[in-house]
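Protein chains: 2
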Amino acid sequence: MAGKNMIIAQSGGPSSAINASIAGAIARAMASDKIDKVFGAINGMQGFLDRKIIDISDQMRTSEDFELLIHTPAQALGSSRYKLPKDSVETYEQILAILKAYNIGYFFYNGGNDSMDTVSRLAAFFKERGEDIIAVGIPKTIDNDLVETDHTPGFGSAARYVAASIAEVYLDTIVYPIPAVTIVEVMGRNAGWLTAASALARKNGSAPHLIYLPEVAFKPDDFIKKVRSLLETEKHIVIAVSEGIRTEDGAYLADTGAAEDMFGHKTLGGVATVLESMIKESIKIEKLKTRAIQFSTLQRAAAHMASDTDLKESYECGYRAVEAALEGSTDVMITIQRTSDEPYLTYFAASPLAGIANKEKKIPLEWITKDGDDVTDEMVRYLKPLVRGAATEKMVDGLPVFFKFDRTKLVDPTAL
Amino acid sequence: MAGKNMIIAQSGGPSSAINASIAGAIARAMASDKIDKVFGAINGMQGFLDRKIIDISDQMRTSEDFELLIHTPAQALGSSRYKLPKDSVETYEQILAILKAYNIGYFFYNGGNDSMDTVSRLAAFFKERGEDIIAVGIPKTIDNDLVETDHTPGFGSAARYVAASIAEVYLDTIVYPIPAVTIVEVMGRNAGWLTAASALARKNGSAPHLIYLPEVAFKPDDFIKKVRSLLETEKHIVIAVSEGIRTEDGAYLADTGAAEDMFGHKTLGGVATVLESMIKESIKIEKLKTRAIQFSTLQRAAAHMASDTDLKESYECGYRAVEAALEGSTDVMITIQRTSDEPYLTYFAASPLAGIANKEKKIPLEWITKDGDDVTDEMVRYLKPLVRGAATEKMVDGLPVFFKFDRTKLVDPTAL
């Protein structure tokens, strides 16, 4: 056996770009003679603990496999909501035992905040035990809320989907001569980056007319006043709203809109529905049409609108993570460092996880307008390069073809 | 003046392909020396009656204008919900007076069922009055419910969006190891063609597992039984449902799901939400995750997923409509006639409106499975060629650029 094996796992919510990162990591690993086999854990740490481990080197055989994997949305290795118990030495011992059983010397985890905490804790544990096992994080989240990195893989593709879709929804809205307010709900519980990306839609018109972000307290009265005033000059209003906006008392606005379903159960309609109800209640204009749209899981899974810039950077983050590991770095995450917006110039770094894990990057308040219902030009300059380029996925008969790992062929460690 | 002028107007709901039809009509008209100016009415018949008429020949100057218009979703000329009063001679007189004032000899209307009725009535009126004015219909509807034509422009693009998006939603669903039922609501009040197109997603997995169409009465008990049984073997179920499904007593299922919003108003959550409530109420499986997704206006406006086949055919329908008019045909609509699925072979015809107006083409029952919750292979063979090819819209910085008519420059008929 030439060297140690490596393992990679995915975590957190899906994105169109996360598989590009594992493709990059796998490609770099397969080109190295220090790394023997490339393993993948199915369904993150949960699957790892259940020894649901497949041999990726065995399943990625052609350049086409790599191409397909790069353009396949969501997690090809699956994810999990499992959180590593922070103080359970037994769990860490169990992880170490599995890594040893599979002769694994390199551990890569592809995810967001929580996942980076896991990587950091594992790295500290391996060090404490004097084990020569490297742990490196690969960033991923459509929320763009990781610190130390200019932005996160996955964000650009989701941003491109949001911006293009809002431009299209606006064109749909303006076809009728009646006044209309359309509210589009975008993901982002605490950070409004993805909702802010709706501003890029403005190259095709004035939509969105208002942008509400979780970074600023939502004031219902100001909102109604603003919409009413806009309707005096514009017939068709589009509003982009982050799912996580809160009122001044800190309550999620979505939680105030509970309705009862046909069986009498409380249901949450989402924040767009709450804003729609407010408008219907307060603005009485003849024939006013209101519509609430949720982009739902499409904004994170719509590989057909992936940003080429994003996919390339995601691939590179995976590739560089393995490279950093091969150079002996551990307890780090690959970060993207921007030196210029236009031309868009970046370099990659391996940044210590200590400064990253469990931290959350929100939109700087100076990138939000005074009224709290729009973003500044600086935000637009930041966003613009991230959605650039249309990723070209493989299509057969007009429909995309996706990569799929065989999750049933598990590695038998005794046969290694 | 070389000849008569022509006018074109758009009607009904938006689609990604309707502008390709007017692009084709404009291109053919501009190449003819029989037609002098090409006018467009803003907001359909309503705008026409208000003399909101622009000079298109003046605004379409370059090949790039045509390319942009072809790939711009929704109606570039606007639409309206206005219905021509059927027996109002005054309205027809008024229309005739406007046509004469603008020296118009050719009238083209781009829309669905209702619009074709308008065209037919106008043609009959012109004939009755001995007026030498030609009226030709150009089909358009994502519902695919016009008779005499194999399918309608706009349908293929919406079908491609639905199929690709369901494939992506499915990949998003399967990342977690917990059981999940995702219900996707697709447009189609009386005809289920667009919902049926979800079957094309199956090239990337088993989703959708169930397809519910308005052509078959929905039986809640059978539905719950089916979902429960599927969950015994599959962890992740995706259901495609047409917004217009009805129970055996003829009531729209969506209407049974009225909930109360925060102000105590009744709201309709859509049929996907009703099915979600039914599952939550009847299927008690630990950690079962349910999600209702509405594709909303994106399915008809998402030009970024337009089918190349659809855009080319839509263009051709507009082009041929003008050609038919130049040859003297009136009271006709351009239809697409298919002679073979594979290879996909078609020809265009000008079919009399008498057999088309006010008729509705539903899915033949033999293309729906016996259980009423899926479509047959014959349906898939029919659908497959319609979504073929990815339309390539112009992108700048990763985002589409759309065409826009200047709607403020109205034609002064006294200056003609």
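Respectively, the protein sequence lines represent chains A and B. Numbering-wise (my numbering), the first sequence opens with residue 962 and increments by one. Numbering-wise (my numbering), the second sequence opens with residue 962 and increments by one. Built from N, CA and C at the ideal position, the CB exists for glycine as well.
Any chain E beta carbon closer than 8 angstroms to B:I1095: Protein chains A and B are contained in the structure displayed, whereas chain E is not.
B:L1010: first and last residue of the uninterrupted alpha helix (DSSP H) it sits in: On the second sequence, position 49 is the one that residue 1010 of chain B refers to. G1005 to L1010 is the extent of the alpha helix (DSSP H) around B:L1010.
Beta-carbon proximity check, B:V1177 vs B:S1159, cutoff 8 angstroms: For the purposes of this step, residue 1177 of chain B is identified with residue 216 of the second sequence, where counting begins at 1. For the purposes of this step, residue 1159 of chain B is identified with residue 198 of the second sequence, where counting begins at 1. No.
Under the three-state DSSP convention, the category A:Q1055 falls into: Taking the first sequence and counting its residues from 1, the one referred to as residue 1055 of chain A is at position 94. In this structure, A:Q1055 counts as helix in the three-state DSSP scheme.
Interface residues of chain B facing A:D1106 [CB-CB closer than 9 angstroms]: Taking the first sequence and counting its residues from 1, the one referred to as residue 1106 of chain A is at position 145. Ordered by position in chain B, no residue passes the 9 angstroms Cβ test against A:D1106, which lies about 20 angstroms from the chain.
Which listed residue (A:T1375, A:S1301 and A:D1078) has its alpha carbon closest to that of A:R1342: To locate residue 1342 of chain A, count along the first sequence from 1; it is residue 381. Looking at the Cα atoms, A:S1301 is the closest of the given residues.
Ordered list of alpha helix (DSSP H) runs contained in the stretch 1173 to 1203 of chain A, each at least 4 residues: 1181 to 1194
Nearest-angstrom beta carbon gap, B:D1111 and B:Q1298 [assumed within contact, 8 angstroms]: Here the question's residue 1298 of chain B lines up with position 337 in the second sequence. Here the question's residue 1111 of chain B lines up with position 150 in the second sequence. Indeed they touch by this definition, with Cβ atoms about 6 angstroms apart.
Whether A:G964 touches A:I996 by CB criterion (8 angstroms): By 1-based counting over the first sequence, the position of residue 964 of chain A is 3. By 1-based counting over the first sequence, the position of residue 996 of chain A is 35. Yes, they are a contact pair.
Terminal residues of the alpha helix (DSSP H) in which B:Y1122 lies: To locate residue 1122 of chain B, count along the second sequence from 1; it is residue 161. Where B:Y1122 is concerned, the enclosing alpha helix (DSSP H) stretches over F1116 to T1134.
C-alpha gap between B:F1179 and B:T1258, whole angstroms: In the second sequence, counting from the first residue as 1, residue 1179 of chain B sits at position 218. In the second sequence, counting from the first residue as 1, residue 1258 of chain B sits at position 297. Using only the alpha carbons, I get a separation of about 24 angstroms.
Cβ pair count under 8 angstroms reaching 3, the stretch 1114 to 1130 of chain A against the stretch 1005 to 1020 of chain B: no
Any chain A beta carbon closer than 8 angstroms to B:I1014: What you label residue 1014 of chain B is simply residue 53 of the second sequence in a count that begins at 1. Cβ-Cβ to chain A under 8 angstroms: no for B:I1014.
Nearest to A:A1352 (by Cα), restricted to the options A:H1265, A:G974 and A:D1292: Reading the first sequence from its first residue, position 391 is the one you call residue 1352 of chain A. Measuring from the Cα of A:A1352, the nearest candidate turns out to be A:H1265.
Start-to-end residues for the alpha helix (DSSP H) that takes in B:R1281: One-based indexing of the second sequence puts residue 1281 of chain B at position 320. Looking at the DSSP string, the run of the alpha helix (DSSP H) that includes B:R1281 is D1269 to L1287.
B:D1210, DSSP secondary structure in three states: Position 249 of the second sequence, counting from 1, holds the residue named residue 1210 of chain B. Three-state DSSP puts B:D1210 in coil, outside helix and strand.
Delimiting residues of the beta strand (DSSP E) encompassing B:Y1308: Within the second sequence, residue 1308 of chain B is the residue found at index 347, counting from 1. Counting along the chain, the beta strand (DSSP E) containing B:Y1308 begins and ends at L1306 to P1313.
Residues bridged to A:M1294 (per DSSP): As a first step, residue 1294 of chain A is located in the first sequence; it is residue number 333 there, counting from the start. Answer is A:G1098 and A:S1312.
Buried or exposed (CB count within 10 angstroms, at least 16 for buried), A:P1304: For this step, residue 1304 of chain A is matched to residue 343 along the first sequence. Classification of A:P1304: exposed, given that the 10 Å Cβ count is below 16.
8 angstroms contact criterion, which B:I1200 and B:P1169 should meet: CB distance rounded: Residue numbering aside, residue 1200 of chain B sits at position 239 when the second sequence is read from its first letter. Residue numbering aside, residue 1169 of chain B sits at position 208 when the second sequence is read from its first letter. Right, their Cβ atoms sit about 6 angstroms apart.
Segment contact, 8 angstroms Cβ cut-off, at least three pairs: the stretch 1234 to 1253 of chain B with the stretch 1129 to 1141 of chain B: yes
Proximity of B:T1134 and B:H1197 at Cβ, strictly below 8 angstroms: By one-based count along the second sequence, residue 1134 of chain B stands at place 173. By one-based count along the second sequence, residue 1197 of chain B stands at place 236. Closer than 8 angstroms, so yes.
Bridge partner(s) assigned by DSSP for B:G1001: Sequence index remark: in the second sequence, residue 1001 of chain B carries index 40 (1-based). B:I969 and B:I1015, per the DSSP bridge assignment.
The stretch 1268 to 1280 of chain A in contact with the stretch 973 to 988 of chain A per 3-pair CB rule at 8 angstroms: yes
Cβ pair A:S972, A:S1049 closer than 8 angstroms: Translated into positions along the first sequence, residue 972 of chain A becomes position 11. Translated into positions along the first sequence, residue 1049 of chain A becomes position 88. No, the pair does not count as a contact, with Cβ atoms beyond the cut-off.
is_contact[B:Q1007, chain A] using C-beta, thresh 8 angstroms: As a first step, residue 1007 of chain B is located in the second sequence; it is residue number 46 there, counting from the start. By this cut-off, B:Q1007 is an interface position.
Any C-beta of chain B under 8 angstroms from that of A:S982: In the first sequence, the residue the question calls residue 982 of chain A occupies position 21. No, A:S982 does not count as interfacial toward chain B.
Of the listed residues B:A1376, B:D1093, B:L1326 and B:F1363, nearest to B:A1152 (C-alpha basis): Indexing the second sequence from 1 puts residue 1152 of chain B at position 191. Considering only alpha carbons, the answer is B:L1326.
CA-to-CA distance, A:T1296 to A:D1026, given in whole angstroms: Taking the first sequence and counting its residues from 1, the one referred to as residue 1026 of chain A is at position 65. Taking the first sequence and counting its residues from 1, the one referred to as residue 1296 of chain A is at position 335. Approximately 26 angstroms, taken between the alpha carbons.
Where A:M962 sits in the DSSP three-state scheme: Residue 962 of chain A sits at position 1 when you count from the first residue of the first sequence. Bear in mind that the predicted position of A:M962 carries a pLDDT of just 46, short of 50, making it unreliable; the figure below should be weighed with that in mind. Coil at A:M962, not helix or strand.
Inter-stretch contact (C-beta, 8 angstroms, three-pair minimum) for the stretch 1052 to 1069 of chain B and the stretch 1082 to 1090 of chain B: yes
Residue burial classification, A:M962 (beta-carbon count within 10 angstroms, cutoff 16): Position 1 of the first sequence, counted from the start, is the residue given in the question as residue 962 of chain A. For A:M962, the predicted structure reports a pLDDT of 46, less than 50, and the residue's modelled location is therefore unreliable. A value from the coordinates is still provided. A:M962 comes out exposed.
Contact set between A:I1254 and chain B, taken where Cβ atoms lie within less than 8 angstroms: In the first sequence, counting from the first residue as 1, residue 1254 of chain A sits at position 293. Ordered by position in chain B, the residues that pass the 8 angstroms Cβ test against A:I1254 are Q1255, S1257, T1258 and L1259.
Under the three-state DSSP convention, the category B:R1342 falls into: Reading the second sequence from its first residue, position 381 is the one you call residue 1342 of chain B. Helix, per DSSP.
Residue of B:M1239, B:Y1213 and B:A1212 minimising C-alpha distance to A:M1223: Taking the first sequence and counting its residues from 1, the one referred to as residue 1223 of chain A is at position 262. Out of B:M1239, B:Y1213 and B:A1212, B:M1239 has the C-alpha closest to the C-alpha of A:M1223.
Residue range of the alpha helix (DSSP H) that includes B:K1250: For the purposes of this step, residue 1250 of chain B is identified with residue 289 of the second sequence, where counting begins at 1. Counting along the chain, B:K1250 falls outside any alpha helix (DSSP H), though it belongs to the beta strand (DSSP E) covering K1250 to Q1255.
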